[in-house]
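So the sequences go chain by chain: A and B. Position 31 (the first sequence) corresponds to 30 in numbering that gives the first Met the number 0; numbering is contiguous. Position 12 (the second sequence) corresponds to 11 in numbering that gives the first Met the number 0; numbering is contiguous. Every residue, glycine too, gets a C-beta built ideally from N, C-alpha and C.
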Amino acid sequence: MGSVTEQVLQQIVNGLSLGSIYALVALGYTMVYGIIKLINFAHGDVMMVGAYAGWFATTTLHMSFIPALLIAMTVSAILGVLIERIAYKPLRNATRIASLITAIGVSFFLEYGGMLVVSPQMRTYPPVFPDTIFNVGGIIIKYGDIVMIVTSIVLMVLLHGIVKYTKIGKAMRAVSFDTEAALLMGINVNNTISATFAIGSALAAAAGVLMGVYFNTINPLMGIIPGLKAFVAAVLGGIGIIPGAMVGGFFLGLTESFVSGLGASTWRDAVAFLILILVLIVKPSGLFGKNIREKV
Amino acid sequence: MRKLFSVATVALLSLSLVTGCGATGGQKSAEVIKVGGNLELSGGAAAFGQYAEKAIKLAFEQQNAKGGVLGKKLEYVSADNKSDPGESTVASTKLATQDKVVAILGPMTSGNTLAAVQVVTDSKVPLITPTGTSDSVTFENGKVKPWIFRACFIDPFQGQVAANFASDTLKAKKAALFIDQKGDYSKGLATSFEENFKKSGGEVVATEQYVAGSDLDFRATLVRIKAANPDVVFVPGYYQEVGLIVKQAREMGMKQVFVGGDGWGSPQLVDVAGAAALENTYYVNHGAMDDPGMAQFIKDFQGKYNSEPDTFAALGYDAANLLIKALENAGSTEPEKLRSALETMKGFQGISGELNVDPATHNPVKSAAILQFKDGKSVFMTKVNPK
């Protein structure tokens, strides 16, 4: 142990598993922004609710990983739709700052409401995965790493399929492109927006369960930091663009791992944000953003 | 109807006031020695205060059965500070001015103790906090607070104990530090560990930091610590981060010994890290419940309350007995005599170890316990005496 290549490869493994969480959460941010131009700051907290739903399913109901994941995704999808219907829909034609502030309000509601309901005390996930550790030429890969990366990739492929090849996906793209024209064409805009929230929240719940299982601890404020990081990832990739969120998430995860690996763990977040600023200066619409945006 | 109700309430309240006065006023203070307990009996730190109060009552009861102190019985006067600094000031004022106690035991937390300092200093009532570990409780700006004492060692002392344990018992030559960047507790322990470890000829090969409360993934930094190849890793943090750090380190194949401070002392550490990962880890604490020296206390406590005492109870018990010893040494309940008896206390045998008060800082120089994790349980390993 100790060779530089080994350390670099180890940091790549660490970065990918961390990045897959950011990517899953970033997808929800970017989908919602793409369709109603709202930065849903409560998204990280929807992830927290998903993590608690998964925790409840594994501890009290003694479920295994996949059923617990599905339950958490369903609970969060319903929560996402409810939040949209109750908090955001009445403000759809209001100023964007009003919706933004409402989103922050919903975020606080979930965080502190969560503290009231489940107490601020942290909870520990039971061991859901086997403790198997693969040692590939000095690089340590946990069973959990593989599950995390595979689950996120499967979900991302699934999302891509939905957006590209299904009717609802087509409707989502249409609403995102031009809401009013979509309405004129007979697309049910309300249902499409609800579907977007449901899918985005379900992905966040998956990220929450993965985080809970991987890091073993959950608490009502666990969504804040990953939520912010995922937001950065979404902006980095170009907000509103689905492949951008995935790339942004992995990019951020890898950056964090490498900066910590170079011994500057306290500078980790600073470097991540510095890169964000640089990208936005050079390419204001993000890595995958298109610069032709003018409509005359 | 409503008026009738309020009249009845007022009548009831005033009645309780009268009886309340009657109870306190009726006793002749000359025949008993009154000691106040300003403790966290409700609120966030209630678990600490309630256990300490039980232990204090037990200590007084045992002493009274032996005939009391200076020919008088000890009487315990309870006051709840509701785990709040403001209420702690109120409780101390009540104990010092209304109940006229000769000394106050408690509060348990440093913040609540600091809130009581001014009141007890003005009214010249010695105060002993069982577990207020912050530096500034007894000593601030180069000056000792004459009326404040404590039954526990201060935080940085744990770093010294851990360093001596690492070099003397574990025979470690190379240490790595993994510190909570924002925590004074963590930084204080780390500084004193480094100083003492170097003094015994050791070398610190890596110093890394994390941010408590937001970091969950420590692997990137652990890769660096692993590459530095230390014999021992000192992690002076709280159980949540420590649990994740030890777990992730073991998963990465790090077999080093991990050592920490009293922030590790929570059953949740085992939930987070898992029993297997905690093999070969040690931490410093004020005392260990399975230390043979505690056996009699645990038996007495269980006999009286039918529940297991914890470290807070043990330190509460020590604080109470420390006061009894000081009263005996002073031969009087006069504030100034009692104060100087506490200040010059030497060789007090508490259940958590021998205790000597340093007159310059009022910090006790006392032994610490080292606990070891075995099958997910922390067990007493050894007692380390101050050098």
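Cut-off 7 Å between Cβ atoms - residues of its own chain near residue i, not counting five sequence neighbours on either side
i: residue 117 of chain A; result: 51, 219
i: residue 62 of chain B; result: 68, 73, 323
i: residue 242 of chain A; result: 287
i: residue 91 of chain B; result: 37, 103, 115, 118, 119
i: residue 153 of chain B; result: 132, 134, 362
i: residue 44 of chain B; result: 82, 107, 108
i: residue 198 of chain B; result: none
i: residue 273 of chain B; result: 246
i: residue 372 of chain B; result: 277, 278, 280
i: residue 223 of chain B; result: 205, 207
i: residue 12 of chain A; result: 138, 140, 144
i: residue 186 of chain B; result: 178
Presumed contact (8 Å Cβ cut-off) between residue i and residue j, rounded CB distance
i: residue 235 of chain B; j: residue 189 of chain B; result: 5 Å
i: residue 202 of chain B; j: residue 173 of chain B; result: 5 Å
i: residue 241 of chain B; j: residue 221 of chain B; result: No, residue 241 of chain B and residue 221 of chain B are not in contact; Cβ-Cβ is about 13 Å, not under 8 Å.
i: residue 121 of chain A; j: residue 59 of chain A; result: At roughly 17 Å, the Cβ-Cβ gap does not stay under 8 Å, so residue 121 of chain A and residue 59 of chain A are not in contact.
i: residue 335 of chain B; j: residue 346 of chain B; result: That belief does not hold up - the Cβ atoms of residue 335 of chain B and residue 346 of chain B are roughly 22 Å apart, past 8 Å.
i: residue 301 of chain A; j: residue 191 of chain A; result: The requested residue 301 of chain A is not part of the displayed model; chain A covers only 0 to 295.
i: residue 130 of chain B; j: residue 311 of chain B; result: 6 Å
i: residue 208 of chain A; j: residue 71 of chain A; result: 5 Å
i: residue 317 of chain B; j: residue 351 of chain B; result: 5 Å
i: residue 337 of chain B; j: residue 155 of chain B; result: Not confirmed; about 28 Å, so no contact.
i: residue 252 of chain B; j: residue 282 of chain B; result: Incorrect: roughly 22 Å between the Cβ atoms, too far for contact.
i: residue 57 of chain A; j: residue 127 of chain A; result: 6 Å
Chain B contact residues for residue i, given Cβ-Cβ distances below 7 Å
i: residue 262 of chain A; result: 223
i: residue 139 of chain A; result: 250, 251, 252
i: residue 259 of chain A; result: 219, 220
Per DSSP, the bridge partner or partners of residue i
i: residue 139 of chain B; result: B:142
i: residue 352 of chain B; result: B:349
i: residue 43 of chain A; result: DSSP output for residue 43 of chain A lists no bridge partner at all.
i: residue 282 of chain B; result: B:259, B:370
i: residue 299 of chain B; result: Its beta-bridge partners do not exist; DSSP assigns none.
i: residue 179 of chain B; result: B:209
i: residue 377 of chain B; result: B:372
i: residue 122 of chain A; result: A:217
i: residue 63 of chain B; result: Bridge partners of residue 63 of chain B: none, in fact.
i: residue 233 of chain B; result: B:176, B:258
i: residue 382 of chain B; result: B:368
i: residue 387 of chain B; result: For chain B, the structure presents residues 0 to 386; residue 387 of chain B sits outside this window and is missing.
Residue-level contact to chain D via CB, residue i, 8 Å cutoff
i: residue 114 of chain A; result: Any reference to chain D falls outside this structure, whose protein chains are A and B.
Within chain B, the residues that residue i reaches when beta carbons sit closer than 8 Å
i: residue 123 of chain A; result: 267, 270, 271
Neighbourhood of residue i by C-beta distance below 6 Å, restricted to the same chain and skipping five residues each side
i: residue 21 of chain B; result: Note that residue 21 of chain B scores 41 on pLDDT, short of 50, meaning its location in the model is unreliable and no value can be drawn from it.
i: residue 9 of chain A; result: 138
i: residue 248 of chain B; result: 221
i: residue 287 of chain B; result: 368, 370, 379
i: residue 299 of chain A; result: Any property of residue 299 of chain A remains undetermined from this structure, which presents chain A solely from 0 to 295.
i: residue 158 of chain B; result: 188, 191, 192
i: residue 33 of chain A; result: 175, 239
Same chain, Cβ closer than 8 Å to residue i, neighbours up to 5 away in sequence not counted
i: residue 254 of chain B; result: 279
i: residue 154 of chain A; result: 23, 202, 205
i: residue 25 of chain B; result: Since pLDDT at residue 25 of chain B reaches only 40, below the 50 mark, its modelled position is unreliable, and the value read off the structure follows with that caveat. Excluding residues within five positions, none has a Cβ falling inside 8 Å.
i: residue 148 of chain A; result: 15, 16, 19
i: residue 132 of chain A; result: 139, 140, 141, 142
i: residue 60 of chain B; result: 303
i: residue 357 of chain B; result: 363, 364
i: residue 297 of chain B; result: 288, 307, 308
i: residue 332 of chain B; result: 32, 69, 101, 326
i: residue 30 of chain B; result: 71, 72
Contacts that residue i makes with chain B (C-beta to C-beta distance below 9 Å)
i: residue 132 of chain A; result: 250, 251, 252
| message | Please list, in chain order, the residues of the region 196 to 220 of chain B that have any C-beta partner in chain A closer than 8 Å. | response | Correct list: 207, 208, 209, 210, 213, 215, 216, 218, 219, 220.
| Within 8 Å of chain A by C-beta, residues of the region 223 to 257 of chain B in sequence order | Those residues of the region 223 to 257 of chain B placed with their C-beta closer than 8 Å to a C-beta in chain A are 223, 225, 226, 228, 239, 242, 243, 246, 250, 251, 252, ordered along the chain.
| field | Residues from the region 264 to 282 of chain B in contact with chain A, defined by Cβ distance under 9 Å | value | If you check each beta-carbon in the region 264 to 282 of chain B against every beta-carbon of chain A, the ones closer than 9 Å belong to 267, 270, 271, 272, 273, 275.
| Short-range partners of chain A found in the region 173 to 199 of chain B, where Cβ spacing is below 9 Å | Result list: 180.
| task | Select from the region 8 to 24 of chain A all residues with a C-beta closer than 7 Å to any C-beta belonging to chain B, and list them in chain order. | result | Against chain B - using a Cβ distance shorter than 7 Å - the residues of the region 8 to 24 of chain A are 9, 10, 13, 17.
| task | Could you run through the region 213 to 230 of chain A and flag, in chain order, every residue whose CB is less than 9 Å away from some CB of chain B? | result | Only those residues of the region 213 to 230 of chain A whose C-beta falls short of 9 Å from the nearest C-beta of chain B are listed: 213, 214, 215, 216, 218, 220, 221, 223, 224, 225.
| request: Select from the region 239 to 257 of chain A all residues with a C-beta closer than 8 Å to any C-beta belonging to chain B, and list them in chain order. | output: Those residues of the region 239 to 257 of chain A that come within reach of chain B (Cβ to Cβ, closer than 8 Å) are 255, 256, 257.
| message | Closer than 7 Å between beta carbons: that is the criterion. Which residues of the region 263 to 274 of chain A meet it against chain B? | response | Cβ contacts with chain B come from 264, 265.
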